[in-house]
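Taking it in order: structure first as structure tokens, then the write-up.
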């Protein structure tokens with residue numbers, strides 16, 4: 598199968614979210630309930646996934662906390678079902694290492710300022726103005742690209758490429774198994790368009806992996822198996 602002739606968006610529903618807002622948590626819950634995916638891909642690595650789940654399990658406010666991550670909600674919404682949870686993001690360690698190698702000492706000292714430029718305008722998102730929130734977020738990301746291209750490359754470009762490559766791998770795996778169910782992918786709104794673009798022109802994924810010096814590794818699979826039945 599020649600992957601360059603496949604538009605992988607035909608096999609993946611990508612949902613852009615605003616991290617840690619109540620509205621995005623509600624949307625994550627609703628979309629998982631609606632699609633009931635067999636394969637759910639999340640913009641997390643294993644350490645972040647475990648940290649979020651452990652924190653929520655130990656919290657006395659579990660179930661009512663406003664800080665619950667939409668990715669955790671999405672995973673929990675699946676319940677005890679036969680479903681695959683795939684973790685597709687770059688690890689925090691790799692992000693830090695790549696930023697360290699690609700930036701000056703001065704830039705690293707000002708990383709908190711750069712991170713703030715990537716924050717979604719959550720007030721708009723919470724009030725329901727999702728498109729306007731995404732538009733403003735994209736404007737912030739574009740400013741970061743112009744001012745600190747090396748930081749932007751790692752936080753946006755490289756992660757988009759790696760997540761697209763891993764989503765493509767999941768789809769190809771399912772196609773080889775003759776299973777045509779769509780993958781549901783929850784990623785930050787800042788990444789959704791970039792990933793879709795790469796999946797539409799998948800030959801670019803290989804080119805970007807080489808250009809950026811990224812080593813492809815498979816996504817991490819967390820298997821959920823039904824423990825009860827009717």
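Numbering (the numbering used here), first residue to last: 598 to 827. The beta carbon of each residue, even a glycine, is placed where N, CA and C say it ideally should be.
Determine which residues share a DSSP beta bridge with residue i and list them.
i, result
"residue 610", "781"
"residue 625", "Partner(s): none; residue 625 has no beta bridge."
"residue 636", "681 and 780"
Can you tell me whether residue i is helix, strand or coil according to DSSP?
i, result
"residue 681", "strand"
"residue 642", "coil"
"residue 818", "strand"
"residue 792", "helix"
"residue 686", "coil"
"residue 813", "coil"
"residue 799", "coil"
"residue 695", "helix"
"residue 603", "coil"
"residue 808", "helix"
"residue 774", "coil"
"residue 648", "helix"
"residue 631", "helix"
"residue 758", "helix"
"residue 765", "helix"
"residue 743", "helix"
Just mark residue i as buried or exposed, buried being the case when its beta carbon has 16 or more other beta carbons within 10 Å.
i, result
"residue 634", "buried"
"residue 746", "exposed"
"residue 800", "exposed"
"residue 785", "buried"
"residue 627", "exposed"
"residue 640", "buried"
"residue 690", "exposed"
"residue 702", "exposed"
"residue 614", "buried"
"residue 795", "buried"
"residue 695", "buried"
"residue 642", "buried"
"residue 743", "exposed"
"residue 774", "exposed"
"residue 686", "buried"
"residue 808", "exposed"
"residue 697", "exposed"
"residue 772", "exposed"
Looking only at C-alpha atoms, which of the options sits nearest to residue i?
i, options, result
"residue 757", "813, 679 and 631", "813"
"residue 692", "768, 672, 759 and 636", "759"
"residue 612", "798, 748 and 782", "782"
"residue 750", "811, 604 and 794", "811"
"residue 821", "605, 680 and 642", "680"
"residue 699", "685, 752 and 648", "752"
"residue 818", "770, 789 and 790", "770"
"residue 803", "638, 624 and 761", "761"
"residue 776", "636, 604, 790 and 645", "636"
"residue 648", "805, 606 and 688", "688"
"residue 788", "816, 755 and 765", "755"
"residue 638", "766, 797, 806 and 790", "766"
Check the Cβ-Cβ distances between residue i and every residue of chain B, and say whether any is below 8 Å.
i, result
"residue 799", "Included in the structure is just one protein chain, with no chain B present."
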